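Throughout the sequence shown, residue numbering follows our numbering, covering 385 to 639 in sequence. Here a beta-carbon is modelled for each residue, glycine too, at the ideal position from N, C-alpha and C. Bear in mind that the values here come from a model prediction, so they are computed numbers and not experimental data.
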Amino acid sequence: MASDLRGRLAKADPFYFSWMTFPGAIVAGQMARLPYEAVCIDMQHGLAGFTDVASMSPAITASGKPLVLRILWNDPGLIGQALDAGATAVIVPMVNTRAQAEAVVKAAKYAPMGMRSWGGYAAVQAAGTVPADYLKEANSRTMIFAMIETEEALGNLDAIASTPGLDGLFVGPNDLSISLGFGLGKDLKIPKLEAAIKAIAAAAKKNSLVPGAFGGSPEACAFFAGHGFRFIAAATDVGLLAAGAKALQDQLAKI
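Encoded structure:
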């Protein structure tokens with residue numbers, strides 16, 4: 385495969401990646417050339433559908449960087465579709481129970497670990513290999529992250545984190561904050577919310593999983609990195625556009 389994501393995430397230092405909400409192969413190719421280690425396409429709250437992803441995927445993987453997909457919902461068919469499209473890592477929303485986590489793994493891994501169906505030659509092309517070699521390597525080289533973003537998931541945290549074959553946990557801070565009754569997660573240091581986030585990091589460490597989170601700002605990234613998270617969405621396309629426009633406007637105001 386073009387990029388050994390698992391090997392990179394085994395290192396202690398944070399892995400910062402960008403987050404796309406806009407569709408389009410040209411934009412995806414440009415995002416892949418920014419100084420982040422991977423590109424995530426958000427299919428849950430972004431505007432890209434699967435047809436868009438089919439053209440965006442090669443534009444990203446051609447850069448040698450991993451493609452990460454946050455799929456629309458916790459659905460086995462969508463997990464397989466994302467991997468077939470060339471995703472190296474799939475982030476699955478709303479994993480609330482051990483049974484749901486087990487179903488996620490079954491959908492993401494080939495037998496004997498799971499029940500992933502064979503196909504999707506875009507994945508083979510993105511890996512830069514041949515079908516037989518892709519099949520041998522896919523279970524170890526592709527990664528599946530369960531989102532922990534509800535109070536129910538927190539109650540089942542140990543059971544979810546100990547699911548065989550799961551590769552990581554991923555915090556959705558806004559939904560987690562909303563579920564806990566705090567509204568949008570602007571203040572990650574609310575004691576109950578911070579305690580939940582620390583518990584997720586601890587559960588990941590205990591079970592040798594990669595702890596991941598959506599940051600979106602330098603402050604949030606520093607917070608998550610400080611709690612041991614290694615797989616962090618650092619910047620969105622919308623955020624980068626707004627920050628670039630503001631920086632330019634500030635410079636123009638000085639003329």
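- Leaving aside the five residues that flank Glu536 on each side, the residues in its chain whose CB is nearer than 6 Å to its CB run, in chain order, Asn480.
- The three-state secondary structure of Ala637, taken from DSSP, is coil.
- Secondary structure within the stretch 531 to 590: the alpha helix (DSSP H) runs of 4 or more consecutive residues, fully enclosed, are 535 to 539, 541 to 545, 557 to 563, 575 to 590 (chain order).
- By the C-beta criterion, the stretch 500 to 517 is judged not to be in contact with the stretch 573 to 585, since fewer than 3 inter-stretch pairs fall below 8 Å.
- When beta bridges are read from the DSSP output, Thr620 appears opposite Trp403.
- Distance check between Ala586 and each of Ala637, Ala545, Val622 places Ala545 closest, using alpha-carbon atoms only.
- Beta-bridge partners of Arg454 (DSSP): Asp426, Ile475.
- Met527 carries a strand assignment under DSSP once its states are collapsed to helix, strand and coil.
- Phe613 sits close to Pro595, with the two beta carbons spaced by under 9 Å.
- Going by DSSP, Ala446 is part of no beta strand (DSSP E) at all; its letter is neither H nor E.
- Exposure of Ile410 is indicated by the presence of fewer than 16 other C-beta atoms within 10 angstroms of its C-beta.
- The Cβ neighbour count for Gln465, taken over all protein chains shown within 10 Å, is at least 16; the residue is labelled buried.
- Apart from sequence neighbours up to five positions away, the residues of its chain that approach Val452 with a beta-carbon distance below 8 Å are Phe401, Ala422, Val423, Cys424, Ile425, Ala471, Thr472, Ala473, Val474, Ile475, ordered along the chain.
- By the 16-neighbour rule on beta-carbons within 10 angstroms, Pro548 is exposed.
- Residue pairing by DSSP places Phe598 opposite Ala617 in a beta bridge.
- If you look at Pro460, you'll find it in the alpha helix (DSSP H) that goes 460 to 468.
- With contact defined as three or more Cβ pairs closer than 8 Å, the stretch 522 to 539 and the stretch 549 to 556 are in contact.
- Under the three-state reduction of DSSP output, Ser439 falls in the helix class.
- Excluding sequence positions up to five before and after Leu541, its CB lies within less than 8 Å of the CB of Ile532, Ala583, Ile584, Ala587, all in the same chain and listed in chain order.
- The C-beta distance from Ala412 to Ile444 rounds to 5 Å, short enough to meet the 8 Å contact threshold.
- Taking all protein chains in view, the Cβ of Ala495 is surrounded by fewer than 16 other Cβ atoms within 10 Å, so the residue is classified as exposed.
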